[in-house]
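Residue numbers (the working numbering): 46 to 430. What follows is a short report on a single structure.
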Amino acid sequence: MPAVSLDARLRQRLAALDAQGLRREMPEIRERQGVEYLLGRQRVVGFCSNDYLGLSQLVPSGTAPAGAASSRLICGDLDLHREAEQALAELAQQEDAVLFPSGFQLNVGVLASLMSPEDRVYSDELNHASMIDGLRLSRAPRTILPHLTPPPRDAPTGRGGIRWWVTESIFSMDGDGASQGALQNALDDGFCLYIDDAHGFGLHAGGQGWPQAHGVRPTLYIGTLSKALGCAGAFVAGSTTACDWIRTRARSFVFSTGTSPRVVESILEGLALLRGRAGDEARRRLRQNLEHLAKALRLPEVPIAPIVPIILGSNERAVAVATELLVRGWHVQAIRPPTVPLGAARLRLTLSATHEPEHIDGLVAALRDVLGSNHRELASSAPTP
Ligand SMILES: Cc1ncc(COP(=O)(O)O)c(C=O)c1O
């Protein structure tokens with residue numbers, strides 16, 4: 046018998062998290078129809094998914110088998126995987142692409158495989174947890190940059206001669222991002238640029254991501270297929286050599302079963318929509334919704350992405366405001382550390398093409414009701430480009 050039972054220890058730790066307002070629970074969702082669903086017993090309209098174009102509700106028509114049967118490197122590399130990778134590379138305007146079962150799995154494996162202790166890595170302080178974990182595994186020396194600050198132009202190069210800038214195009218919890226000029230300058234100065242475009246991919250003309258729409262060609266481009274495309278998985282796109290290396294050395298690719306063929310089939314169906322007229326129409330509706338929200342919240346400008354944070358500070362306040370909104374029928378999840386920095390708990394409003402103008406008006410009225418008359422938090426929440 047161990048001196049302390051595991052359950053006793055975990056109960057104690059969970060109680061400590063409870064006391065700090067940091068215990069997480071999974072909201073039980075039923076009968077989802079776009080942004081409307083049952084949460085527990087309550088019918089709500091959601092403003093917290095990443096289903097920006099409303100494509101997650103598609104029921105795939107395909108008949109592909111469920112499993113890839115092994116790692117792609119053993120006997121799990123199918124025509125569907127290759128077809129998807131070719132289409133994704135083309136969309137990303139890169140030579141090649143590698144598909145992963147999830148964005149988290151991708152960042153952990155790809156960053157760890159590419160960056161070595163001889164390199165020097167510059168990483169934004171608000172980068173996603175999967176990027177932080179991948180960089181830790183790489184053991185490359187890191188400089189953590191203040192949010193949205195580019196690395197200094199004369200930043201030292203590691204012994205291996207490579208300097209990396211690792212960043213998101215659109216930060217998932219803040220809805221902001223580094224400027225096109227700063228990213229291009231870094232490329233011109235010889236930095237290797239790793240851009241995670243999880244929240245930009247698919248939202249620009251023809252289904253492109255943020256860098257392609259802004260004329261930036263990163264060294265490695267990451268797109269997730271779980272947000273605007275509404276399915277699951279992610280891809281890294283870059284040179285043929287970089288992709289060959291990733292297929293050979295990224296441990297979360299090599300030692301993991303290939304993405305389910307059924308999922309890849311859905312990805313291909315989603316891609317056809319994303320690139321075509323349906324995608325254009327969904328992007329137009331999303332843009333309209335974003336303009337409507339900006340006006341209703343009296344933001345100084347239309348946000349650059351369908352993510353609008355309302356910073357509330359303490360965990361307790363964020364949870365209390367989210368609870369009050371829920372009582373009124375609006376589901377906006379409170380976001381707390383470690384997803385955001387300590388003292389920066391917030392509501393993260395996200396929009397979808399499937400929201401109706403009345404949904405937005407109703408949410409904003411409820412927010413004004415709950416936050417009181419001065420709306421200070423609303424005014425301070427507009428992300429700047
Ligand atoms: C910037 C960023 N990268 C990676 C991921 C992980 O993607 P996935 O949900 O496909 O694991 C997310 C999603 O939360 C994200 O916001």
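Ideal placement from N, C-alpha and C gives every residue a C-beta, glycine not left out. All values reported here derive from a predicted model rather than from experimental measurement.
- Query: DSSP on H126, reduced to helix/strand/coil?
  - Reply: Position 81 of the sequence shown, counted from the start, is the residue given in the question as residue 126. H126 falls in the helix class under three-state DSSP.
Outcome for D406 when other beta-carbon atoms lying within 10 angstroms are tallied against a minimum of 16: Position 361 of the sequence shown holds residue 406. Classification for D406: exposed.
*T269: CB within 7 Å of a non-hydrogen atom of ligand 1*: Within the sequence shown, numbered from 1, the residue matching residue 269 stands at position 224. Yes, Cβ of T269 sits closer than 7 Å to a heavy atom of ligand 1.
What separation, rounded to the nearest whole angstrom, lies between the Cα atoms of P428 and H244? What you label residue 428 is simply residue 383 of the sequence shown in a count that begins at 1. What you label residue 244 is simply residue 199 of the sequence shown in a count that begins at 1. No answer about P428 holds up, because its pLDDT of 45 lies below 50 and its placement is not dependable.
| message | Between L133, P146, D124, which has its C-alpha nearest G303's C-alpha? | response | Here the question's residue 303 lines up with position 258 in the sequence shown. Answer by Cα proximity: P146.
Next on the checklist: Does the beta-carbon of E170, which I'm using as the reference point, lie nearer than 7 Å to any heavy atom of ligand 1?
Outcome noted: Counting from one through the sequence shown, the residue named residue 170 turns up at place 125. The answer is no for E170.
- Message: Distance check for E163 and G203, CA to CA, integer angstroms please.
- Response: Sequence index remark: in the sequence shown, residue 203 carries index 158 (1-based). Sequence index remark: in the sequence shown, residue 163 carries index 118 (1-based). In a straight line, the C-alpha of G203 is about 5 Å away from that of E163.
Q) Can you name the start and end residues of the alpha helix (DSSP H) that E314 belongs to? A) Looking up residue 314 in the sequence shown gives position 269. Its alpha helix (DSSP H) spans residues 306–320.
Helix, strand or coil, according to DSSP, for I177 in the structure here? Along the sequence shown, read from residue 1 onward, the residue named residue 177 stands at position 132. Note: I177 maps to helix in three-state DSSP.
Please tell me whether Q257 and Q138 are closer than 8 Å, where the distance is taken between their beta carbons. Against the sequence shown, residue 257 aligns to sequence position 212. Against the sequence shown, residue 138 aligns to sequence position 93. In contact: Q257 and Q138 (Cβ atoms closer than 8 Å).
May I ask you to verify whether the segment 382–391 touches the segment 358–365, counting CB pairs closer than 8 Å and requiring at least 3?
yes
Please report the distance separating the alpha-carbon of S297 from that of Q102.
If you number the sequence shown from 1, residue 297 lands on position 252. If you number the sequence shown from 1, residue 102 lands on position 57. Computed Cα separation, rounded: 28 Å.
Smallest Cα separation from S311: which of T368, P105, R165, S116?
Position 266 of the sequence shown, counting from 1, holds the residue named residue 311. When only C-alpha atoms are compared, the closest one is P105.
Fill in: Contacts around V372, its chain only, beta-carbon distance under 8 Å, and the 5 residues preceding and following it disregarded
Start at 1 with the first residue of the sequence shown, and residue 372 comes out as number 327. Same-chain partners within the cutoff: there are none.
Next item on the list: State yes or no: is the C-beta of S305 nearer than 7 Å to some heavy atom of ligand 1?
Entry: Your numbering for residue 305 matches position 260 in the sequence shown. For ligand 1, not one heavy atom lies less than 7 Å from the Cβ of S305.
- Of all the options L319, V299, G417, V308, which has the alpha carbon lying nearest to the alpha carbon of I119? Taking the first residue of the sequence shown as 1, we reach residue 119 at position 74. Closest option to I119, Cα to Cα, is V299.
DSSP has E213 in a bridge; who is on the other side? Within the sequence shown, residue 213 is the residue found at index 168, counting from 1. DSSP output for E213 lists D241 as bridge partner(s).
With DSSP run on the structure shown, which of helix, strand or coil describes R69? Position 24 of the sequence shown holds residue 69. Note: R69 maps to coil in three-state DSSP.
Buried or exposed: S425, going by 16 or more other Cβ atoms within 10 Å of its Cβ? The residue labelled residue 425 in the question sits at position 380 within the sequence shown. Caution is warranted here: a pLDDT of 49 is assigned to S425, below 50, making its placement in the model unreliable, and no coordinate value can be reported.
Enclosing alpha helix (DSSP H) for G226 [first to last residue]: Against the sequence shown, residue 226 aligns to sequence position 181. Segment 225–233, the alpha helix (DSSP H) holding G226.
Near R294, which residues of its chain fall below 7 Å by C-beta distance, leaving aside the five closest residues on each side in sequence? For this step, residue 294 is matched to residue 249 along the sequence shown. Contacts found: S158.
Exercise for review: Check the DSSP bridge columns for Q87 and list the partner residues they point to.
Suggested key: Here the question's residue 87 lines up with position 42 in the sequence shown. DSSP output for Q87 lists L84 as bridge partner(s).
Any chance you could list the beta strand (DSSP E) runs of at least 3 consecutive residues sitting entirely within the segment 147–173, in chain order? 165–169
Q: For A273, count neighbouring C-beta atoms within 10 Å of its own C-beta (all shown protein chains included) and say buried if the count is 16 or more, exposed if not.
A: Translated into positions along the sequence shown, residue 273 becomes position 228. Burial call: buried.
query: So who's on the other strand from Q131, going by DSSP bridges?
result: Along the sequence shown, read from residue 1 onward, the residue named residue 131 stands at position 86. In the DSSP output, where bridge partners are listed per residue, Q131 has none listed.
Exercise for review: Identify, in the order they occur along the chain, each residue of the same chain with its Cβ nearer than 7 Å to the Cβ of I291, setting aside the five sequence neighbours on each side.
Suggested key: Locating residue 291 in the sequence shown gives position 246, where the first residue counts as 1. For I291, where only same-chain residues beyond five positions count, the Cβ hits under 7 Å are V143, V155, S158, V281, F298.
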